[in-house]
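In what follows, a structure is listed as structure tokens, so that the remarks can point back to it.
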Amino acid sequence: MSKIVVSTSSFDFDHNPAIQQLITLGFTVTGNPHRRKLTEDEAIDLLSTDTVALLAGVEPLTERVLSHAKALRVIARCGTGLDSVDLQAARRLNISVSNTPEAPAQAVAELTLGLMLDCLRQINHTDRSVRQGEWPRSQGKLLAARIVGIIGLGHIGRRVAALCQAFGAKVIAHDPHLQHTSAGVALVSLPDLLEQADLISLHLPYSSSVHHLINAEAIARMQPGTILINAARGGLVDEDALCAALDSGHIEAAALDSFEQEPYQGPLCKCNQAILTSHIGSLARETRQRMELEAAENLRRGMIEAGLIDE
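Numbering-wise, the sequence shown is residues 33 to 343 according to this note's numbering.
So this is what it looks like as structure tokens:
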């Protein structure tokens, strides 16, 4: 019988009705033996030539990978971003692709808010100092007193805007795909946002057109003392330029949950004013359950549409 691969680093197979139904139908369901993000070669080996459907994580599903997976007809991403999938190659090879854009939105938005508050109130730094026998009394800053600039006002960005407004912050946003936005959020150009906001948060999908959107030139436009949050995709930020801006003090603090290379071991690890988390934006229990259920249902429906199973 044909094979189904679940390549996410973890997955609750036992409590997923769609996966259990596919097993009952006779499909062999294989998980990720490495329990981490796969490389291209590992993805090729795992998919082999007999995998008809893939419930995908963030591994690189390049044209090379997809071309090797001769039987593959369905990809269901457990998550929002599709930048890891070569969509043109998938279309050419007649492979359907879906994602779960709404499921992780609240979890990522709440982590973003936590990162903002950590940067503003220096929670992480204070904790480390106390553990080292110190008793720091440094002043933080209020979110309510900030102008928050949100780049990308989709599922996550809209939630972040609402959370910031609940704290009393003024919110401005840049999103070239929108002409109107929710009450109280002004749409501005990207240069205006970079110049006006003193706390900037990224919530847009990655593509080659926005590679290093936040580079040295963009950082130079920002006000001295700006705080930068990236809980979107690593390729949006030039990490070397950010590190230099943190070292100079032009950027007061930054918090990143995603990086160009993961696991991350780059220069930001030595920047005291950088808060680094291990791509945990969607890793809230309730969110993870919803993502897995939605992705598996997308997988099942994709298999129906591909004629692999009956409805």
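Note that the Cβ used here is the ideal one computed from N, Cα and C, for glycine as well.
**Q.** Proximity below 8 Å, CB of Leu278 to CB of Ala306
**A.** yes
Q. For the putative contact between Ala364 and Cys151, defined by C-beta atoms under 8 Å, what is the C-beta separation to the nearest angstrom?
A. Because the chain here runs from 33 to 343, residue 364 falls outside it and cannot be looked at.
Q: Note the first and the last residue of the continuous alpha helix (DSSP H) segment covering Ser233.
A: Careful: Ser233 lies outside any alpha helix (DSSP H), inside the beta strand (DSSP E) at Leu231 to Leu234.
Q. When you compare only the Cα positions, how much space is there between Leu348 and Glu326?
A. Outside the displayed span of the chain (33 to 343) sits residue 348, for which this structure offers no information.
Q) Just checking my contact of Asp230 with Thr258 at CB under 8 Å: how many whole Å lie between their CB atoms? A) 5 Å
Q) Is Gly181 helix, strand or coil by DSSP? A) Gly181: strand per DSSP, three-state reduction.
Q. When the Cα of Gly298 is compared with those of Ser42, Thr81, Lys69 and Leu274, which residue comes out closest?
A. Leu274
**Q.** Leu98 beta carbon near the ligand FAD (any heavy atom closer than 7 Å)
**A.** Questions concerning the ligand FAD fall outside what the structure shown contains, since it holds no ligand whatsoever.
Q) Buried or exposed: where does Phe59 fall if 16 or more other Cβ atoms within 10 Å of its Cβ makes it buried? A) buried
Q: Kindly identify the DSSP beta-bridge partner or partners of Ile307.
A: Ala287
Q) The beta strand (DSSP E) spanning Asn262 covers which residue range? A) Thr258 to Asn262
Q: Could you check how far apart the C-beta atoms of Leu143 and Asp46 are, in whole angstroms? I think they sit under 8 Å.
A: Contact check for Leu143 and Asp46: beta-carbon distance about 27 Å, past the 8 Å limit, so the pair fails to qualify.
**Q.** Exposure label - Glu284; buried when at least 16 CB within 10 Å
**A.** The residue in question, Glu284, is buried, as its Cβ has 16 or more Cβ neighbours within 10 Å.
Q.
Just to confirm before moving on: does the CB-CB distance between Ala85 and Gly313 stay below 8 Å?
A. no
Q. Which value, in whole angstroms, describes the spacing of the CA atoms of His187 and Gly63?
A. 29 Å
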